[in-house]
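Participant:
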Amino acid sequence: MPPRVPGPQGLSIFSLCLRPATARSAPTLQPLVQKANLSQDEKKKLRKQQPYKWAQIQARKAVKVERQDEIKKARVASWGSPIHGIPTPFVESFDSAGQEPVSKYLYKTNEKGEREPVPLPTTPGMLNHHLTKQELDEALATAYQLGKPLENTNRVLVDSVTEAQELKEHEERHRRATIALERITSLDNANAKSRKIVNIRRCVETLGRHNTDTFLRPKPRAPGLPEREVLQRGGPDTGSSEVQIAILTSKIRVLAKIFEGPYGHRDKHNRRNLQLLLHRRQKLLKYMERKERGSERWQNMLQTLGLTEATWKKQIVL
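Quick note: the sequence shown uses the UniProt record's numbering, first residue 1, plus one each step.
1) Use the C-beta contact count for Ser250: other C-beta atoms within 10 angstroms, 16 or more gives buried, fewer gives exposed.
2) On a Cα-Cα basis, can you pick out the residue from Lys148, Gln99, Ala190, Gln303 that is closest to Glu242?
3) Just to confirm the assignment, what range does the beta strand (DSSP E) spanning Val118 have?
4) I need the DSSP call for Ser78, collapsed to helix, strand or coil.
5) Please say whether Pro82 and Arg106 have beta carbons closer to each other than 8 Å?
6) What is the DSSP secondary structure of Leu207, counted as helix, strand or coil?
7) With three or more C-beta pairs closer than 8 Å as the rule, is the segment 164-177 touching the segment 132-152?
8) Tell whether a beta-carbon distance below 8 Å holds between His265 and Pro236.
9) Is Ala246 buried or exposed, if buried means 16 or more other CB atoms sit within 10 Å of its CB?
10) Can the beta-carbon of Phe90 be found less than 8 Å from the beta-carbon of Pro124?
11) How close, in whole Å, do the beta carbons of Leu276 and Trp312 come, if the pair is a contact with beta carbons under 8 Å?
12) Could you tell me whether the Cβ atoms of Asn128 and Ser194 are closer together than 8 Å?
13) Are the segment 54-64 and the segment 156-166 in contact at 8 Å, needing three or more beta carbon pairs?
14) Short check: CB of Asn199 to CB of Ala97, under 8 Å?
15) Taking contact to mean 3 or more Cβ pairs, one atom from each stretch, closer than 8 Å, check whether the segment 259-273 and the segment 217-232 are in contact.
16) For Val65, which three-state DSSP category applies?
17) Along the chain, where does the alpha helix (DSSP H) that runs through Lys104 open and close?
18) Among residues of its own chain, excluding the 5 on either side of Ile316, which ones have a beta-carbon nearer than 6 Å to its beta-carbon?
19) Classify Phe259: buried if its beta carbon has 16 or more other beta carbons within 10 angstroms, exposed otherwise.
20) Residues bridged to Thr132 by DSSP?
21) Which residues in the same chain have their Cβ closer than 6 Å to the Cβ of Leu307, if we skip the five residues on either side of it in sequence?
22) Measuring CB to CB, does Pro218 end up less than 8 Å from Ser295?
23) Between Leu136 and Leu181, is the Cβ-Cβ spacing less than 8 Å?
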């Protein structure tokens, strides 16, 4: 117990307690940290005492918030949709199987400031029922020769009026048959299954490595590793990752249009099918990113299909 010293007689309640002095704390070497946020009282005081400084603070804050909003909007725009990414003309051409020459949804601004539709890639040589334009023309030419009236070698017994009439009737029948076959083989009158088959062929021709290897360089090998041997392909490339991703994208677009329709929320079956296709494409994209990231083949696929990080990063929930 520390000793107590009694006070004077008149101040009986006062007494002095002698305690040992506490050791002073060592001076800190840390720099003083100034808080960025001001309290409400400090804000009120600053607003009243220094209005010019307060106005400068508010102006800097407004510029900073505006810049943050711009960065956020740009990030959201580049992120895209987990289903469609950022649609491109090639992806939109899936709706018509490459028959529509201009876009119905994508527009660009010309020099005069007017909006005009974006041209779409077309494949006029492909027809319905697994036919091509060349095959149809050859079949029509053969049919024309087979159905043409035979010419009589004895020109003395030939009636020129009757022969001209028969040839005219043959020309009319061939014209009608040609119109009928063009309507039958036109992709404008095809069903969804026929358009899907044509889109698969278009994906193979556009992104198949039997075509892209001629103008896209492969991913460079690590230093010290030998160059890969270039093998001769036996036919069109239908199994590479970019072709399978493009085929899945064409199927996803068809199901997404149904799901996003007025009664799509009721279609539970197609909702599940859409999720399965999205997750299958996500796995292929992750695999290709790991194998081909930074290569020309990877960049060409993303630019052609308009796929963004939203299509393979994070969880996709409908």
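Idealized CB from N, CA, C, for every residue including glycine.
Facilitator: Looking at the atomic coordinates:
1) buried
2) Gln303
3) Per DSSP, Val118 belongs to the beta strand (DSSP E) from 115-119.
4) helix
5) A quick correction: the sequence has Leu, not Arg, at residue 106. For Leu106 and Pro82, no; Cβs fall outside 8 Å.
6) helix
7) At 8 Å Cβ cutoff, the stretches touch.
8) Going by C-beta atoms, His265 is not nearer than 8 Å to Pro236.
9) Burial check for Ala246: the Cβ neighbour count within 10 Å reaches 16 or more, so the residue is buried.
10) no
11) About 15 Å; that fails the 8 Å criterion.
12) yes
13) no
14) yes
15) no
16) helix
17) Per DSSP, Lys104 belongs to no alpha helix (DSSP H); it is in the beta strand (DSSP E), 102-109.
18) Excluding positions up to five away in sequence, the list reads Pro82, Leu278.
19) buried
20) Met126
21) Gly85
22) yes
23) In this structure, Leu181 lies closer than 8 Å to Leu136 by Cβ.
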